[in-house]
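> Heads up: the sequence shown runs through residues 3 to 1024, numbered per our numbering. Have a look at this one before I ask anything.
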Amino acid sequence: MVMHPEVLTPKILETALQHHQAGRENEAIVTYQQFLQSSPEQPLAAFACNQLGNLFEQQGKIDAALQFYRQALQINPAYAEVHNNLGNLFAQQGKLKDAEQCYRFALQFNPDFFEPHKNLANLLGQQGQLDAAIQLCQRALQLRPDDAQAHYDLGNFFKQQDQREAAIVAYQQALQFDPNYAEARFALCTIQLPIIYQKQEEIAIRRQQYTQKLQELITFYQTASPEEQAHAATAIGSSQPFYLAYQGLCDRPLQQAYGQLICQLMATRFPQWSQPLPLPQLSRGEKVRVGIVSGHFRNHSVWKIPVKGWVDNLDRSEFELFGYYTDIRRDAETLKAATAFDKFIQGPLTIEQWGEIIQNDRLHVLMFPEFGMDATTVQLGCLRFAPLQITSWGHPETSGMPTIDYYLSSKLMEPDSAANHYTETLVELPHLSIYYTPPNSQSEVINRRDLSVNEDDILFWCGQSLFKYLPADDDIFPTIAQKVENARFLFIDEPTAAITQMFQQRLQQAFIKLGLHYQDYCRFIPRMTPTQFSDMVSIADIVLDSIGWSGCNSTLEVIEHNLPIVTLPGDLMRGRHSYAILKLMGIETTIAQDKDDYINLAIRLGHDRAFRQHIAQQVAAQKHLLYNDLTPIKALENFLLTTLQKPRNTQSSVISDFLRQALQFHRNHQLEQAEHLYLQILALDSAQPETLYGLGQLAQQRHEFSTAQQMFQAVVQVQPHSAKAWFSLGNVYQMTGQLIEATDAYWQAVALRSDSAALYNNLGYTLQQLEQWQEAIFCYQKALELQPGSIEIDVNLANALQTLGKLPTEHQKHYAALNLRMGMGRQQAGDFQTARLYYQYAIALQPNLEAAHHALHTLENSVDLADSEDYLQQNKTHLVNHSGNSLAAKRETTSTSTQNTTQFVENSAPLTQEKSDLELLQKVSGAIWNWAKTGFSTVDEATFEKRYQTCLQCPNLTNAPKKFIYKAIALNHTPDKICSLCGCVVFRKAHMTSESCPDRHPSQPGWNRWEEPYSTPPIPNN
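Next comes the structure, spelled out in structure tokens:
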């Protein structure tokens, strides 16, 4: 029946709104889309698009949300609400510049719009633009004076500027408008702890005020209703007593009171995760399951010290590692972490979602490297997910939480009375307690003149956070300056200018007391990247360690430059980091006995160049003792196994050490060294499961699938409960076309690990190849439940539904665009067959999608795809990550012709030319890169035929490198050869328009062997 828009459109929209308001999201989506189909140009169409964007965003379908927000703006570019929503979406993705632009557009089109004022304020506040954030927040409150959250946000901005009184007023206003605003109540407690102190006496005053407010907070929630307590649990971590530790005192009583409060609140909200868990009885052969919760799996000191050392070096024959990353930021270190864990999950997730995931992993040990810097971490730490729960010194302070059993620390760093400082049972690991690898950064030369210092000035590096320096020690700097007239002290600015200014005011007062001006001696350097930090340190002469809270990560980094370090150990562990580092190196000359000794050591180093050089030489000679120290790792292993009363799986320490080294080589892509150690282990224990698994992974990386299959089969025989081994075996079966076997292996893995999205996705793909569509759809749906934001899984599910005719028509355009996007991504990665499939799905979903037709046409005309449909269905292309060949791709196949081709390559004789495989592979990469830059354009057939026949007679041909399959060889053009001059496969070379033959014609030097003018473009090595 034909629908008349002028009659039915308002009713459709009304129905959509009713579904939306009732929480019937899918029905609302369908009805909004029906409205758009009936009236795509109406002004209300922009409203419908905005609503669809909201719904898809709620469902985690970010691409769909983005599409509809943009469609709304195409209809109505001045739609302020959409600009605001788009800004929120970008902010969640970490695209801060895009988010800022959207918020500013929203304000441009509606200057009195409350939401973008508040959102932009928060965005700028995150970036340290506090003055602008405060102005925007104050404007938002003019528009909506009773908004409790805006008052709370304003308080946070004032807090970051250390405007304590203004922050208190803002938090009180938030509570006035919403008495249940728990975040503001916690903030009123922790605001009593300033970021930086103006006078030493202020510490005792603020400590007393914090103690009083903490007791008021405890009393308030002790008498609160269970509902109020459960609500307050959501605010835990929003304001933490982070700055308490910087007062330089033992905080155990205060932390214990705070820890008991927050654990009680979390227990009220999550009683199911607040019960004691008994120690399990673990048999030999069973692995200890260790989880690590952190918001810092990235280039951060908590990752560098201590987490990375644990993850890289714990004996994987004894321990299975689970990583839970609570933050959204990602960098190169995040990728390293993700591959190092047996299972790695990244948020953002709710506490409920994290709880389910962690509970289902059935951990024996759960480690929290720090408390104090991440809200989600502290909330999870208040609950009980493992029999053993452990924290460490990522933020060196006792947690005070009854849910945390042990505190991992350093024997060298702890004083004699250390056990009294912790509510947890203290475990003192030997040496520094960490496995530390020195940074691999190349310094650039810094010019001293850029810092307004002279070449003969003595530069004292004071590169700690300014709030580590207490007022009691301000006199150190002018006292040194009195004796070392050319002394210059290098400090680093705080992100908040107001904090830097407060510290400068303190220095000014200290220098004036001795008749000096601090500006003559002190230089403040803007915040730096890690590389810039290393470069800047290199120009210093002496390091002055902060007193009370010593440097650790920064000290280890400055030691790379062989600088003498003056330190004064304190009474607490956090004041003894540099002390322990120097002790481990056997350099005790610059460890001061008291403050006067500290000053005198600094003065002596400033005056005595020979003394400086002597200490620097000692540092250079002894710093290796700090690096790659496995002693603490082995002690940690022994502690965990002993506490769990678990016998070791591997009795031989030689095997454990070999395996540790082999895995390190494997992670660093040093495959030959890894293989050598794996084989040594098998000579000692032929059934060592982690070694067999490592060899299987190595063979799979080399595309030696038969060997990989044998290794993974051996693992599951020895260790039938290894989900990762069954998963890897399933992948190898799938790659080699053994689909029934792959399905069986995947189901075995699912039985052991039912929470892996990747596992369900791969199983779904295999079932899809077997045309078991309903089962495939079930697997994709399960995968999406586990990983809601995965575009790949979402597209795979949509394609399966489309094949069965079950994908709603109104969704087809959206998934056509996603298929096109996926295809372009796979083509860029060299995965041409999968790219082709995605393009074909895109066209099937939207036949008039010109971009998909163009992409498919270009692909089929530039890349020699398989001829038969059988080949297309049975084979996939994957990127070859091979040294010197980052652009080449290899075909993983099951067809007879390709198996024969593989046999041909495997049996190839050594290279006939005197060139290494690496050199040839570099040439191969250069050849394909030159061709790629032309869009894989080709010559006409007549030219190709002439060239090809000529090339076959060329004396510079060679076989492919052993065990290497160049993408053209894997097709039906065998036997084929590679030109040792340019690295190109003959068949491909004759087709190319991007380069000519680099070999001159024997009788015509001005011509090449193709009898074309001699011309050879440069062949890059990348």
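Quick reminder that beta carbons are idealized off the backbone N, C-alpha and C, glycines included.
Using DSSP with H/G/I as helix, E/B as strand and the rest coil, what is C524?
strand
> Inspect the beta-carbon positions of R490 and D459 and report whether they are closer than 9 angstroms.
yes
> Opposite L428 in the DSSP bridges: which residues?
DSSP, once it has assigned bridges, lists Y409 as partnering L428.
> From the DSSP secondary-structure annotation, give me the bridge partner or partners of L132.
Answer by DSSP bridge pairing: none, since L132 is not bridged.
> Please confirm whether L299 and E335 have their CB atoms less than 9 angstroms apart.
In the sequence as presented, Leu is not what sits at residue 299; that position holds Phe. Taking 9 angstroms as the Cβ cut-off, F299 and E335 qualify as a contacting pair.
> Per DSSP, which residues does M713 bridge with? Please list them.
Its beta-bridge partners do not exist; DSSP assigns none.
> Mapping DSSP to helix, strand and coil, what is F321?
strand
> Which residue or residues does DSSP assign as beta-bridge partners of R1002?
N1010
> Decide if K726 is buried, meaning its Cβ has at least 16 other Cβ atoms within 10 Å, or exposed.
So K726 counts as buried.
> Give a yes or no on whether the C-beta atoms belonging to F115 and C104 are separated by under 9 angstroms.
C104 sits away from F115, with the two beta carbons spaced by 9 angstroms or more.
> By the three-class DSSP mapping on this structure, what secondary structure does V304 have?
helix
> How many Å lie between P398 and L574 at the Cα?
About 9 angstroms.
> Give a yes or no on contact between the segment 598 to 608 and the segment 577 to 584, applying the rule of three or more CB pairs nearer than 8 angstroms.
no
> Am I right that A664 and I635 are in contact with their C-beta atoms under 8 angstroms? What's the rounded C-beta distance?
The pair is not a contact, with the Cβ atoms about 15 angstroms apart (cut-off 8 angstroms).
> Within its chain, find whatever has a CB closer than 7 angstroms to the CB of V734; leave out the 5 residues flanking it on each side and keep chain order.
Q702, F707, A710, Q711 and F714
> Between the alpha carbons of G825 and I220, how many angstroms are there, rounded?
57 angstroms
> Can you tell which of S758, F641, Y199 and A108 has its C-alpha closest to the C-alpha of I347?
Checking every option, the nearest Cα to that of I347 belongs to S758.
> Using the three-state DSSP reduction, which class does I605 fall into: helix, strand or coil?
helix
> Throw me the rounded Cβ distance for the Q163 and L132 pair, which I believe falls under 8 angstroms.
5 angstroms
> With respect to the alpha helix (DSSP H) encompassing L741, which residues constitute its N-terminal and C-terminal limits?
L741 to L754
> Checking the sheet assignment: what are the DSSP bridge partners for P1015?
W1009
> Could you tell me which residues DSSP pairs with R838 in its beta bridges?
Looking at the DSSP assignment, R838 forms no beta bridge with any residue, so it has no partner.
> Whole-angstrom Cβ separation of L570 and I549, contact assumed at under 8 angstroms?
5 angstroms
> In the DSSP assignment, what are the bridge partners of Q391?
Q391 pairs with L368.
> Please classify V656: is it buried, with 16 or more other beta-carbons within 10 angstroms of its beta-carbon, or exposed?
exposed
> Spatial neighbours of L19 within its chain, please: CB distance less than 6 angstroms, with the 5 preceding and 5 following residues excluded, ordered by chain position.
Closer than 6 angstroms at Cβ, skipping near neighbours: no residue.
> So does the segment 81 to 98 actually touch the segment 825 to 844, counting three or more Cβ pairs closer than 8 angstroms?
no
> Shortest alpha-carbon distance to N670 belongs to which of T341, R386 and L461?
T341
> For A135, is the classification buried or exposed, using 16 other Cβ atoms within 10 angstroms of its Cβ as the cut-off for buried?
buried
> What are the boundary residues of the beta strand (DSSP E) that K345 is part of?
Where K345 is concerned, the enclosing beta strand (DSSP E) starts and stops at K345 to Q348.
> Do P497 and R525 have their CB atoms nearer than 9 angstroms?
no
> I believe T328 touches T378 by the beta-carbon criterion, under 8 angstroms. Please report the beta-carbon distance rounded to the nearest angstrom.
Right, the Cβ-Cβ distance comes to about 4 angstroms (below 8 angstroms), so this counts as a contact.
> Does the segment 416 to 428 come into contact with the segment 506 to 516, if we say contact requires no fewer than three beta-carbon pairs (one atom in each stretch) closer than 8 angstroms?
no
> What does the alpha-carbon distance come out to for the pair T439 and E218?
Distance between the alpha carbons of T439 and E218: 46 angstroms.
> Drop a sphere of 10 angstroms on the beta-carbon of P481, count the other beta-carbons inside from all chains shown, and report buried for 16 or more, exposed for fewer.
According to the sequence provided, residue 481 is Thr. The question's Pro does not apply to it. Label assigned to T481: buried.
> What three-state label does DSSP hand M538 in the structure shown?
helix
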